[in-house]
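Letter by letter, the sequence shown follows residues 9 to 185 in our numbering.
For each residue, glycine too, the CB sits at the ideal point set by N, CA and C.
If you're wondering where the values come from, they're calculated on a predicted model, not measured in any experiment.
As C-alpha cells, the structure follows; a few thoughts come after it.
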Amino acid sequence: MQFPLLHTERLSLIEIKQDHLNDLFQIFSNPEVTRFYNLLPFKEPKDAQKFIDWYQSRFTEGLAIRWGIALKGEQSIIGTIGFNNYTKHHRANIGYDLQKEYWNNGYITEALKAIISYGFKELEINRIEAEVMSGNESSEKALHKMNFTKEGVLREWMFWNSKYYDMIMYSLLKRET
Numbered sequence: 009m010q011f012p013l014l015h016t017e018r019l020s021l022i023e024i025k026q027d028h029l030n031d032l033f034q035i036f037s038n039p040e041v042t043r044f045y046n047l048l049p050f051k052e053p054k055d056a057q058k059f060i061d062w063y064q065s066r067f068t069e070g071l072a073i074r075w076g077i078a079l080k081g082e083q084s085i086i087g088t089i090g091f092n093n094y095t096k097h098h099r100a101n102i103g104y105d106l107q108k109e110y111w112n113n114g115y116i117t118e119a120l121k122a123i124i125s126y127g128f129k130e131l132e133i134n135r136i137e138a139e140v141m142s143g144n145e146s147s148e149k150a151l152h153k154m155n156f157t158k159e160g161v162l163r164e165w166m167f168w169n170s171k172y173y174d175m176i177m178y179s180l181l182k183r184e185t
C-alpha cells in the first residue's frame with residue numbers, strides 16, 4: 009500500500025522519512041512534549057531513528073500508520089499523528105504530539121479531522137479510541153472538539169517512571185460522525 013498523504017487548510021500530513029530525524033529528535037527531546045506520552049525524552053538521534061523504523065515496519069505490516077504534521081508548503085514536521093494500531097475488529101487507537109511552540113493553534117484538531125475521516129472511510133475503522141493520561145487537559149479538549157465520548161477512567165492503568173497513572177478512555181464511533 010502506498011503511504012497516503014492528507015491535506016487540510018493549513019497542514020500536510022506526510023510520510024515520516026529519514027529526512028525528519030532531526031525534527032523528531034527536536035519534538036521528542038522536549039520533556040514537556042513527552043510528559044503525557046509514556047515516553048522518556050529522546051537523548052540522542054538514534055532514539056528518533058527507532059521511532060521512524062518502528063512506525064515504518066508497522067505500516068508495512070498493515071498494523072499502524074503515523075503521519076508527520078507539516079505546515080502546508082513545508083517539508084519539516086512539527087508533530088506526528090496517527091493510528092498506533094488498527095485491528096481486524098475495525099478498531100484503532102489514536103495518538104498525536106506537537107512541538108511546544110505550535111501548541112494552542114488548533115493544529116491537532118485540524119489534523120484529527122483529517123485522519124478520523126480517513127480512518128472511517130479508507131481503513132474501514134468503526135471505533136477510534138484514545139487513552140489520555142490523567143491531567144492532560146489539552147488532549148482531552150481536542151477530543152471533546154471532535155465529539156469523542158469519555159467512557160471512563162482506567163484507574164492506575166499505566167506504570168511509568170516509577171508511578172501509577174490513571175488513563176481516561178475516549179472513543180468515537182463511525183456512526184457518530
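Across the structure, Gln107 and Gln64 are spaced so that their CA atoms are roughly 21 Å apart. In the structure shown, the three-state DSSP call for Ser125 is helix. Pairing Asn101 with Asn113 gives a Cβ-Cβ distance that is not under 8 Å. Exclusion of the five residues before and after Glu164 leaves Tyr172, Tyr173, Asp174 as the residues of its chain whose Cβ lies within less than 8 Å of its Cβ.
With a minimum length of 3 residues, the unbroken runs of beta strand (DSSP E) contained wholly in the segment 88 to 155 fall at 99 to 106, 135 to 141.
Residue state for Thr157 is assigned as strand, using DSSP reduced to three classes. Counting only runs of 4 or more residues that sit fully inside the segment 11 to 77, the alpha helix (DSSP H) segments are 29 to 36, 39 to 42, 53 to 68, in chain order. The C-alpha of Glu137 lies about 12 Å from the C-alpha of Thr95. Secondary structure of Lys80 (DSSP, three-state): coil.
Going by beta carbons, Gly90 and Gly103 fall inside the 8 Å limit.
Secondary structure note for Ile176: its beta strand (DSSP E) is the uninterrupted segment 171 to 181.
Closest option to Trp168, judged by alpha-carbon separation, among Leu120, Ile60, Ser84, Pro49: Pro49.
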